[in-house]
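**Student:** Protein chains in written order, with the working numbering: chain G, 1 to 258; chain S, 1 to 327.
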Amino acid sequence: MGSRVEILNEGGFRSDGRRQYELREVTIDLSQQGQADGAAVITHGLTRVMVSVFGPREAKSRSQTIHDRANINVEVAISPFSAGERRKRSRGDKRILEMAATIKSTFEPVVQTTLYPRSQIDVFVQVLQQDGGVLQACINATTLALVNAGIPLLDFVCAVSGGVYSTSPMLDLSLLEENDLPNLTVAVMPKTGKFTLATMETRLHVDRFEDIFKLVCSASQALHQEMKDAVRVRTTSLVTAMGTIQSNVGGDMMMDES
Amino acid sequence: MAISLSKAEKSYIQAGIVGDPPHRSDGRALHDFRTVALETGVAPLSNGSARLTIGTVLRGGGGTEVLAATKLEVEDVKVSGVDGGRIVCSVTCSPAAYPHLSSGALEDLQYDMTTIVDQTLSHPSLRPSNLSIVKGQKSWLLNLDLVVLSDAGNVHDALFMAARAALWDTKVPRTLSIEYKAAAANRNAGGMEIDDASGLDTRQQPSIADFGLHDFWDEGEPLGGREAWPVSVTLNLISPIHYLDASAQEEAATPLRLLQAFSFSPSGTSLQGMRVLGVGELDAKTVKQGIEDGEKYAREIYTALNAKLKDEDVRRNQKASYRFARR
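1. Is G/Pro56 helix, strand or coil when you go by DSSP?
2. Run through the region 90-143 of chain G for me and flag every whole beta strand (DSSP E) of 3 or more residues, listed as ranges in chain order.
3. Taking 9 Å as the CB-CB cut-off, is S/Leu45 touching chain G?
4. Under a CB-based cut-off of 9 Å, is G/Met50 close to chain S?
5. On the three-state DSSP scale, how would you describe S/Tyr243?
6. Is it right to say S/Ala307 is buried, meaning 16 or more other beta carbons lie within 10 angstroms of its own, or is it exposed?
7. How close, in whole Å, do the beta carbons of G/Met189 and G/Val157 come, if the pair is a contact with beta carbons under 8 Å?
8. May I have the straight-line CA-CA distance separating S/Gly191 from S/Val79, to the nearest angstrom?
9. Determine which residues share a DSSP beta bridge with S/Arg86 and list them.
10. Counting only the same chain and skipping the five closest in sequence on each side, list residues whose C-beta sits under 7 Å from that of S/Asp195.
11. If you follow the alpha helix (DSSP H) that S/Ala320 is in, where does it begin and where does it stop?
12. Could you tell me whether the Cβ atoms of G/Ala145 and G/Gly38 are closer together than 9 Å?
13. Determine whether the Cβ of G/Val5 lies closer than 9 Å to any Cβ atom of chain S.
14. Count the other C-beta atoms from every protein chain shown that fall within 10 angstroms of the C-beta of S/Arg323, then say buried if there are 16 or more, exposed otherwise.
15. Looking at S/Val91: is its Cβ nearer than 9 Å to the Cβ of S/Val36?
16. Are the C-beta atoms of G/Pro56 and some chain S residue less than 9 Å apart?
17. Three-state secondary structure (DSSP) at G/Arg44?
18. Which residues of chain G have a Cβ atom closer than 9 Å to the Cβ of S/Asp145, listed in chain order?
19. Does chain G have any CB closer than 9 Å to the CB of S/Gly62?
20. What are the boundary residues of the alpha helix (DSSP H) that includes S/Lys7?
21. Given S/Asn186, which residues of its chain have a CB within under 6 Å of its CB, disregarding the five upstream and five downstream residues?
22. When the Cα atoms are used, what is the spatial distance from S/Ala325 to S/Ser46?
23. Using a Cβ cut-off of 8 Å, pull out every chain G residue sitting near S/Pro95, in sequence order please.
24. Please classify S/Pro128: is it buried, with 16 or more other beta-carbons within 10 angstroms of its beta-carbon, or exposed?
25. On the criterion of 16 or more Cβ atoms from any shown chain inside 10 Å, does S/His156 qualify as buried, or is it exposed?
26. Counting beta carbon pairs with one atom in the region 76-83 of chain G and one in the region 154-170 of chain G, are three or more of them shorter than 8 Å?
27. Can you round the beta-carbon distance between S/Val347 and S/Tyr297 to whole angstroms, since I take them to be within the 8 Å contact cut?
28. For S/Met274, I'd like the list of residues in its chain whose CB is within less than 6 Å of its CB, leaving aside the five on either flank, ordered along the chain.
29. Which chain S residues sit within Cβ distance under 9 Å of G/Gly132?
30. Say whether the region 136-143 of chain S touches the region 81-88 of chain S, bearing in mind that this needs 3 or more beta-carbon pairs closer than 8 Å, one atom from each stretch.
31. Tell me which residues of the region 128-139 of chain S have at least one Cβ-Cβ distance to chain G shorter than 9 Å, keeping chain order.
32. Assuming G/Leu184 contacts G/Leu204 under a Cβ cut-off of 8 Å, what Cβ separation, rounded to an integer in Å, is found between them?
33. Which residues in chain S sit within 8 Å of G/Arg91, going by Cβ to Cβ distance?
34. When burial is assigned at 16 or more other CB atoms within 10 Å of the CB, is G/Lys88 buried or exposed?
35. Report the rounded CA-to-CA distance for G/Val111 versus G/Ala101, giving the unit in angstroms.
36. When the cut-off is 9 Å and only beta carbons count, does S/Lys346 lie next to chain G?
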């Protein structure tokens with residue numbers, strides 16, 4: 001294989017032109033999707049995930065209720081056309097169940113479930129495009145959708161993936177890099193600096209772990225700022241919209257009085 | 001299948017529709033559609049894709065939304081394929097579109113939708129001419145995947161429109177067939193005199209067929225006969241009248257729906273599929289009248305959709321060439 005893609009070239013650039021510690025472009029769309037109580041579409045480069053949140057509401061089946069807190073129900077669906085090779089995964093696919101379980105356990109310590117006993121919060125994740133870092137995109141989109149739905153959280157959860165090429169750590173791996181490098185995904189609560197998830201499916205040298213881990217934690221701060229800004233823009237636009245309605249209503253009443 | 005309504009709500013909606021003049025909750029006339037928005041080329045890793053919404057307010061949500069994408073795979077005719085290629089459609093419903101349904105019910109629903117779409121679109125009469133790669137050896141398998149992201153009524157029409165748009169957008173890579181033949185010298189290695197022109201020579205000609213990809217600037221050529229992909233129209237029947245593009249509430253209040261898929265091509269119009277959805281009976285006269293009216297509505301949808309698709313072609317090609325020029 002002579003034409004093998006260089007992961008990190010001598011000039012310090014990666015295959016997609018990024019620097020070692022550079023994140024891909026993040027776009028966040030918090031507009032309403034269907035009937036969901038809160039929704040978010042996030043893109044990390046070419047990876048695109050949509051999350052819809054319903055609830056807290058009464059559980060569909062009685063057996064799913066917990067007497068002292070809300071149950072978080074996560075369902076993941078991966079569009080068959082989202083990857084290079086078409087692959088249709090059914091609802092019971094092990095990989096999908098595992099991902100759903102990971103997302104659920106990431107959010108259980110963050111969502112204030114004790115406020116809603118005997119109810120259910122549904123999180124529906126739809127992966128629309130994948131190019132590496134699907135899990136991080138799912139977690140970030142879920143955070144934003146939960147915030148958008150007005151569900152009380154202790155903190156944001158920001159997830160970033162990191163890997164190491166030879167001895168140089170890298171952030172936010174694309175699919176090409178993810179296939180070749182040892183990598184991990186960490187979900188951090190940026191205010192407290194605690195983390196709720198650290199997952200790795202490859203082997204990584206112990207000495208390298210600390211470097212990457214610290215790097216990923218600091219990257220999550222940058223992502224936190226990005227997410228906070230998006231939420232602020234969305235809320236401001238909602239408040240403005242409500243303001244106009246209220247002033248209109250006020251104007252009508254004034255007219256009625258005169 | 002949709003949301004549950006009380007008897008009072010149902011009769012209120014029905015009375016409004018049957019009344020003179022008819023009243024619908026959003027102020028539409030009986031044969032008006034909600035706003036349909038369409039964008040092609042939304043999935044970069046597919047061979048063709050489209051996103052279609054019916055009745056979505058700008059950035060406000062609340063409508064029916066369908067995502068469709070096609071992917072081509074090479075298939076060996078001798079193993080699993082059909083000579084000349086084949087089409088397989090599948091519909092998946094996001095649980096967010098039907099938040100009140102259990103996962104079992106959702107599975108049934110998407111199976112129903114898959115059956116309707118697949119039986120109509122994969123019929124041999126609609127098969128594109130250029131899905132064959134090497135005759136009798138290799139062909140393209142076209143997978144059409146549709147995802148229902150949200151349902152606010154009239155999901156079937158949305159599915160067919162999105163499917164038509166994605167298929168319209170599909171580009172089949174250009175291929176070159178290559179054939180390897182064993183040299184004639186090897187065959188008469190025994191030194192025997194062989195008359196090559198003999199008609200009685202039944203020995204196998206050892207040959208292997210394969211294909212290569214044409215190196216060209218675009219992604220390929222569109223599917224053959226793409227004008228013929230059907231559009232569907234659902235007539236919602238509340239006797240004695242029918243109306244179009246029901247919202248979710250109206251759908252729940254309508255006992256019977258007649259779904260028809262029409263294909264318009266230069267050679268003529270054909271009815272490619274028909275379903276009666278819901279429970280109840282339907283007399284032959286209504287069906288006959290329904291087909292006549294349905295064809296009229298379908299032709300309007302077809303004309304509008306074609307105009308939009310051509311618009312999208314221009315938008316994307318111009319955008320692409322503009323971007324290319326700026327490099």
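A virtual CB, placed ideally from N, CA and C, is assigned to each residue, including glycine. Since this is a predicted model, take the numbers as computed values, not measurements.
**Tutor:** Taking the geometry as given:
1. Reading the first sequence from its first residue, position 56 is the one you call residue 56 of chain G. Correct three-state label for G/Pro56: strand.
2. 120-129
3. Indexing the second sequence from 1 puts residue 45 of chain S at position 45. Taking 9 Å as the CB threshold, S/Leu45 lines the interface with chain G.
4. Counting from 1 along the first sequence, the entry for residue 50 of chain G is found at position 50. Closer than 9 Å to some Cβ of chain S, the Cβ of G/Met50 qualifies, so yes.
5. Position 243 of the second sequence, counted from the first residue, corresponds to residue 243 of chain S. Of the three classes helix, strand and coil, the one that applies to S/Tyr243 here is strand, per DSSP.
6. Residue mapping note: residue 307 of chain S aligns to position 307 of the second sequence, counting from 1. Flag for S/Ala307 reads exposed.
7. In the first sequence, the residue the question calls residue 189 of chain G occupies position 189. In the first sequence, the residue the question calls residue 157 of chain G occupies position 157. With a Cβ gap of about 6 Å, G/Met189 and G/Val157 count as contacting.
8. As a first step, residue 191 of chain S must be located in the second sequence, where it is residue number 191. As a first step, residue 79 of chain S must be located in the second sequence, where it is residue number 79. Here the model assigns S/Gly191 a pLDDT of 47, short of 50, so the residue's position is not dependable and the matter cannot be decided.
9. As a working note, residue 86 of chain S is residue 86 in the second sequence. S/Leu141.
10. To locate residue 195 of chain S, count along the second sequence from 1; it is residue 195. Note that S/Asp195 scores a pLDDT of 48, beneath 50, so its modelled location is shaky and nothing firm can be said.
11. Locating residue 320 of chain S in the second sequence gives position 320, counting from the first residue. Element bounds for S/Ala320: Ala284 to Arg326.
12. Here residue 145 of chain G corresponds to residue number 145 of the first sequence, with the count starting at 1. Here residue 38 of chain G corresponds to residue number 38 of the first sequence, with the count starting at 1. In contact: G/Ala145 and G/Gly38 (Cβ atoms closer than 9 Å).
13. Counting from one through the first sequence, the residue named residue 5 of chain G turns up at place 5. Output row for G/Val5: interface = no.
14. Counting from one through the second sequence, the residue named residue 323 of chain S turns up at place 323. So S/Arg323 counts as exposed.
15. Taking the first residue of the second sequence as 1, we reach residue 91 of chain S at position 91. Taking the first residue of the second sequence as 1, we reach residue 36 of chain S at position 36. Against a cut-off of 9 Å, the Cβ pair of S/Val36 and S/Val91 comes out as no contact.
16. Numbered from its first residue, the first sequence carries residue 56 of chain G at position 56. By this cut-off, G/Pro56 is not an interface position.
17. Mapped onto the first sequence, residue 44 of chain G falls at position 44. As written in the sequence, residue 44 of chain G is His, which differs from the Arg given in the question. Residue state, collapsed to three classes: strand.
18. Indexing the second sequence from 1 puts residue 145 of chain S at position 145. Chain G residues near S/Asp145: Ser79, Pro80, Phe81, Arg86 and Lys88.
19. In the second sequence, residue 62 of chain S corresponds to position 62, counting from 1. Chain G, which has a Cβ nearer than 9 Å to the Cβ of S/Gly62, makes this yes.
20. Locating residue 7 of chain S in the second sequence gives position 7, where the first residue counts as 1. Per DSSP, S/Lys7 belongs to the alpha helix (DSSP H) from Lys7 to Val18.
21. Residue 186 of chain S sits at position 186 when you count from the first residue of the second sequence. Note that S/Asn186 has pLDDT 49, beneath the 50 cutoff, so the model's placement of it is unreliable and the number below is only indicative. Excluding residues within five positions, none has a Cβ falling inside 6 Å.
22. In the second sequence, counting from the first residue as 1, residue 325 of chain S sits at position 325. In the second sequence, counting from the first residue as 1, residue 46 of chain S sits at position 46. Approximately 25 Å, taken between the alpha carbons.
23. Position 95 of the second sequence, counted from the start, is the residue given in the question as residue 95 of chain S. Correct list: Glu75, Ala77, Asp122 and Phe124.
24. Along the second sequence, one-based indexing puts residue 128 of chain S at 128. It counts as buried.
25. On the second sequence, position 156 is the one that residue 156 of chain S refers to. So S/His156 counts as buried.
26. no
27. Past the edges of chain S, shown from 1 to 327, lies residue 347 of chain S, and the structure says nothing about it.
28. Working through the second sequence from its first residue, we reach residue 274 of chain S at position 274. Closer than 6 Å at the Cβ level, and outside the excluded window around S/Met274, lie Gln260.
29. In the first sequence, the residue the question calls residue 132 of chain G occupies position 132. In chain order: nothing, as chain S lies at least about 13 Å away.
30. yes
31. The residues in question: there are none.
32. The sequence position of residue 184 of chain G within the first sequence is 184, counting from 1. The sequence position of residue 204 of chain G within the first sequence is 204, counting from 1. The pair is a contact, with the Cβ atoms about 7 Å apart (cut-off 8 Å).
33. In the first sequence, residue 91 of chain G corresponds to position 91, counting from 1. Within 8 Å Cβ-Cβ: Ser103 and Glu107.
34. Position 88 of the first sequence, counted from the first residue, corresponds to residue 88 of chain G. G/Lys88 is exposed by the Cβ-count criterion.
35. The residue labelled residue 111 of chain G in the question sits at position 111 within the first sequence. The residue labelled residue 101 of chain G in the question sits at position 101 within the first sequence. G/Val111 and G/Ala101 have their C-alpha atoms spaced approximately 15 Å apart.
36. Limits of chain S in this structure are 1 at one end and 327 at the other, which puts residue 346 of chain S out of reach.
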